[in-house]
Structure formats: structure tokens, C-alpha cells
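Here's the structure, in C-alpha cells; my notes come after.
Number of protein chains: 2
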Amino acid sequence: MIRFFEKDPYAPIQYSYEVSRILYHKKSRFQDIMVFENPHFGRILVLDGVVQMTERDELFYHEMLTHVVMSSHPDPKRVIVIGGGDGGAVREVLKHKSVEKVYFIEIDEEVINVSKKYFPSVAGCIKDKRVEIKCMDGAEFVKNSKPDIDIVIVDSTDIVGFARSLFTKKFFTSIKNCLTENGMYASLSESLHFHKEIVIEVQQTMKSVFPVVDLYTVPIATYAGNWWSFSIGSKKLDPREIRAKNKFRTKYYSDEIHKISFMPKGMYKRLLDNKLDW
Amino acid sequence: MIRFFEKDPYAPIQYSYEVSRILYHKKSRFQDIMVFENPHFGRILVLDGVVQMTERDELFYHEMLTHVVMSSHPDPKRVIVIGGGDGGAVREVLKHKSVEKVYFIEIDEEVINVSKKYFPSVAGCIKDKRVEIKCMDGAEFVKNSKPDIDIVIVDSTDIVGFARSLFTKKFFTSIKNCLTENGMYASLSESLHFHKEIVIEVQQTMKSVFPVVDLYTVPIATYAGNWWSFSIGSKKLDPREIRAKNKFRTKYYSDEIHKISFMPKGMYKRLLDNKLDW
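Note that the protein sequences, when read in sequence, are chains S and H. Per our numbering, residue 266 is the first one in the first sequence, and the count goes up by one each step. Per our numbering, residue 266 is the first one in the second sequence, and the count goes up by one each step.
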């Protein structure tokens, strides 16, 4: 049997997958890109040796990254998605009828091309005429945006890699400056099992910029440490509250999942005080 | 580097761990038992090639297996723990001041001996005079118990192995017959990511015996599929309600975790109707 061994120096468990077939494997200007097929997960996208997405379980990550913040906003019209070259986050954003414009900012054009070819159910949506694709650095794009954006979503690779610049105070400040009064920002923030210190660091940095900051989670089998966290920075609105008016179709996300996915307040306080002992 | 590769034929991702030192490795009458040391997780207990417990993260499993059902009962006095030879479930049960008697039924005495020696922080508690250890088949013990038990907890190995007999209608009926009027039963029921069909099967079988059945989850990094589920069968009481009077010290479980850990009702219905599409 041929196996793929994930190459994540920061994960204390190494994951490996059966490989039925390698569909694509090339280096882009920015990273090593591979697509292979697995009997259980279907097609799997790998960047620099780390699994980014599988056909079977991408729904958990993309729905939760997107709908929590989109549903907390009363009327999200203009959205920026940074990273997420596979198109999954954009697909979910477009389910919200209020959306008029999505700036889709992916630094590596090759990831978009590979996804269009090998993951049509994920990337198909980016042909939508509300989507404007720009292959450039997300930090640059946000810095030069006018303050007319309702939601910014960051769907980057792991924080402990070349996405580091998307988790700085400088970047968070640029995001805040391009948001409207009810504006909100959501991003992955790593595993509470394996990278609790990074989660706390991201949260503390966000808190130095945004008046409202919060944290929610979802278990994802294919990401190291699996107890995946997302961080929200908001200029005013409490993201625990659901304000979306229209229904949309999802497989995991729902109003009830929205409510239980946020870290309970007592535990959240202990996390930020670094008093969770594991 | 020396690595341990988990041998779980039912997991679509294979986990592997760095091995600093092998502390124990022998076959008992029932299974292959190994203890090794890992830089991140500390000591790890492996049965028949599958990780059962690590020093660092056993708290998630043991606290959640035990305290949800124990805290839903107004006054648990007499408890049976089946399996869990490491002693972790018994340790947590003993934190409840109401407890007068714990029958600790482990089929493999060697697991108890190994845990006493290599995991004293887990197994130390079983010296408590309220604990009566019996090395025998849990199904046999329950069948012959008088109906004076408040809580039964099953802490077995994976369902798809030699623990299969602990998930049958016959066994659930024996449990129900030994429970008092407010009696409740809790058990692991595998991963919602990897073994949804097994979760549904266990739930349906429980429903054919117990008037009240429910499901809750916790993400555990070291169990395949990680989104770990537990099933509760209850003769009368709703396990979502907390009735415990005394406080006890935990690292993860709390009243607020109790509430959010249950699967939201809409999603739970869709699970049982096999309409969750992943």
C-alpha cells in the first residue's frame, strides 16, 4: 500500500493516509502542491506536506469558518476572503443572499487552478459574478481597502508557517480599518489540544485591536489536534447572537450549532488567563 | 527516531507517535499490552495496538465518560464501572461524595497491574476502600447484580473488537435490570467522524431498552476520528439536567460543558434518522 505521511513538525501525532492515486504534484512559486485520492476521504489537497482539505470533510471547516460570522451580521454585503484558494469559504459566503461582492484574495494562483480542476464541487462557485479574484498578498489588499467591508474571513495555512503575517497586530489593525461599523472578522486559530498557546496569543493580539473578541470550535478529523478553533474580532456586535434573516442549506452548521460552538464563558476566561491545565 | 504506528483497521487515518522509551510490552491472557513514553503525551497505554490512554489527555475522556451521568443523578451511591482497567473512570466516580460503593469489573487483571505501576496518577485511587475490584466479564457481573445500582459506566476498548458483547440488546437489558428507579448508564460510542453508523446502531439498540437515551461528545486528539461520542441510557431522568449537589475538581468538565456537550436536538434527530450527510 502507498501511504502519505503528513509533514507537520508542530504536531505531536503524525497522521498518514492511504493513497489510491496521485492526481497532481508540483511546486508553485510559493509552495509544494499535491492532490491525491484516498478511499475514505476522496480527493485530498496538500500544501507543503500538510493536509488542507478533503472532499469528504471540508464541509466542517468551510461551514464553520464562514457561517458563524456571516450569520452574526445583520446584512453582510461586501466580503473579503483572504486565502482559501480552494474556493470553499467563497462558496459558503455566496449562500448568504445579502452578499453583493466578494473579494477573493489568494496569493498563490496555482492553488486556485488546481482546485478548479480537481475539486469542482468546492471551487465551482468562484465563477459567480459577485466574486472578484485577486492573486496577491492579503495584507497588501486589506491595507489599501476602503472602509466599506462588512466581513473579512481569513482562510490561511497554519499560523506557524508563511501565513504568520496574517496574525499580527498590524494586520488586525488594517482589517479593522477597512470594516464598516457592524464589521466583523473571522479566522482559523489552530487546535486547542495541540496549540493552546497559539490560540491564546492570537486572541490576545486581536483583543489589542478589536473591542469584541470571541472564540468557537469544531472537531475536524483531518487537522492536527482536531479540536479546531476560530477567532472572531468584531467592532461592535456580539458574534454569539444570530442576526441572519435568510435560510441557507448546510450539512453541519445550524442555529443550534452556532450557539453551542462558542467556548462557554467561564472556560473562555480560564483559557485567556492561561489556567486551562492540559 | 523510533515511532509507534497505531494498528486500527477501522480508522481511515493512521496515527503515529514518537517513542522515547518502551516501559512495558507483554501479552496477557486477553490482549497485547504496551506502555511507552512520548515527549508530548507522557506515558501512553496501548492495548492490541490501539492507544487507550495518555497521561496528558486522559482527563478529557475520563471526566466526560463519568461526570455527565454522575452529575445528572441526584444522589449516586452504588456504581458499577465495567472495563477501564487503568482506573481513570473509578478515580472520577470517587470524586462524587455521595458514592458509597464502586464495583470495578475489569476482565484483564494485567491492565490493572500495569496501570498501578506505570500510571499511578490514574490508578492510585483504586485503593479507596469504597472500591471492590473483580476481574471477570462485565456482562456476567451485571447479569447477577441486584437492582440496587444507581449508575453503570462502561469503559471498554473499541466496539469493533472483543468488547462487542457490551453493546448488545441483551447486555443493555441486564444493565437496566440492575438499576434503581433513577438509574442511568453511560458508555463510549465511538467517533461521529469515522463511525457514525456504529454510533447510530448503539443508540438504536439502547432505545429498544431504555425509555430515555441521549448522546454527547468531546473532541479527543488521541482517539481515531477524535469527535468522540458517549451514549446514555436512563430509566427516567433526563441526563441533560444537572442534579449533583456537591462540587468536585475537574480540568475540563463543568456545568457549562455538561450543557453544550449534548448534541443539539435538531441535529440529534437527523443523526438518528441517518440524515447527516458526511
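All residues carry an ideal CB built from backbone N, CA and C; glycine is no exception. Predicted model only: the values in this text are computed from it and were never measured.
Asked, Found
"In the DSSP assignment, what are the bridge partners of S494/H?", "T482/H"
"Can the beta-carbon of I465/S be found less than 9 Å from the beta-carbon of L536/S?", "yes"
"What is the residue span of the beta strand (DSSP E) that K366/S lies within?", "366-370"
"Where DSSP assigns a beta bridge to T319/H, which residues make up the other side?", "I309/H"
"Measure the alpha-carbon distance for F437/S versus V474/S and round it to whole angstroms.", "7 Å"
"Across the region 327-338 of chain S and the region 366-379 of chain S, are there enough close Cβ pairs to call them in contact, namely three or more that are closer than 8 Å?", "no"
"List the endpoints of the continuous beta strand (DSSP E) containing F231/S.", "Look at the range of chain S in this structure, 266 to 543, and you will see that residue 231/S is not part of it."
"What whole-angstrom Cβ distance do G353/H and E323/H have, given they're in contact under 8 Å?", "5 Å"
"In the structure shown, what three-state DSSP assignment does I525/S receive?", "helix"
"V364/S: which of D340/S, S380/S, G314/S, F295/S sits nearest, CA to CA?", "D340/S"
"For a contact defined as C-beta to C-beta under 8 Å, what are the partners of Q279/S on chain C?", "Structure shown: chain C not included; protein chains present are S and H."
"Where do the N-terminal and C-terminal ends of the alpha helix (DSSP H) with M532/S fall, by residue?", "530-537"
"Here's the rule I'm using: 16 or more other beta-carbon atoms within 10 Å means buried, otherwise exposed. How should M401/H be labelled?", "exposed"
"Straight-line CA distance for T487/H to R356/H?", "20 Å"
"Have a look at D351/H and E455/H and give me their C-alpha separation to the nearest angstrom.", "19 Å"
"Just to make sure I have the definition right: I need the residues of chain H whose C-beta is within less than 8 Å of the C-beta of G531/S. Which are they?", "S519, E521"
"DSSP state of M449/H, grouped into three classes?", "strand"
"Answer yes if the region 515-535 of chain H comes into contact with the region 524-533 of chain S, meaning at least three C-beta pairs across the two stretches below 8 Å, and no otherwise.", "yes"
"Use the C-beta contact count for K441/S: other C-beta atoms within 10 angstroms, 16 or more gives buried, fewer gives exposed.", "buried"
"Say whether chain S places a C-beta atom closer than 9 Å to the C-beta of I463/H.", "no"
"Near Q469/H, what residues of its chain come up, given a Cβ to Cβ distance below 8 Å and the 5 sequence neighbours on each side ignored?", "L537"
"Just to confirm my understanding: we take Y533/H, look at its own chain, exclude 5 residues before and 5 after, and list those with CB closer than 7 Å. What are they?", "L480"
"K516/H touches chain S at which residues, Cβ-Cβ below 9 Å?", "L541, D542, W543"
"Mind pulling the alpha helix (DSSP H) runs of 4 or more residues that sit fully within the region 367-414 of chain H?", "374-383, 385-388, 403-408"
"What does the Cβ neighbour count give for R308/H, buried or exposed, with the cut at 16 atoms within 10 Å?", "buried"
"I want to check one thing, is the minimum distance from the CB of I414/H to the heavy atoms of the ligand SAH below 8 Å?", "Within the structure as shown, the ligand SAH is missing, as the structure has no ligands at all."
"Please identify, using Cβ separations under 9 Å, the residues of the region 402-424 of chain S that lie next to chain H, in order along the chain.", "none"
"So, helix, strand or coil for L359/S, using DSSP?", "coil"
"What residues are listed by DSSP as bridge partners for S280/H?", "Strictly speaking, residue 280/H in this sequence is Tyr, with Ser absent from that position. Beta-bridge pairing links Y280/H to Y280/S."
"Per DSSP, which one or two residues make a beta bridge with N291/H?", "Correcting the residue type first, residue 291/H is Lys in the shown sequence and not Asn. DSSP output for K291/H lists I298/H as bridge partner(s)."
"So is G389/H buried or exposed if we call it buried at 16+ other beta carbons inside 10 Å?", "exposed"
"Would a C-beta distance cut-off of 9 Å place Y517/S and F384/S closer than the cut-off?", "no"
"With a threshold of 9 Å between beta carbons, is H338/H in contact with chain S?", "no"
"Let me know if P277/H comes out buried or exposed under the rule of 16 or more other beta-carbons within 10 Å of its beta-carbon.", "buried"
"Between the region 375-382 of chain S and the region 446-462 of chain S, do three or more beta carbon pairs fall short of 8 Å?", "no"
"Distance cutoff 9 Å, beta carbons only. Does D322/S sit that close to anything in chain H?", "yes"
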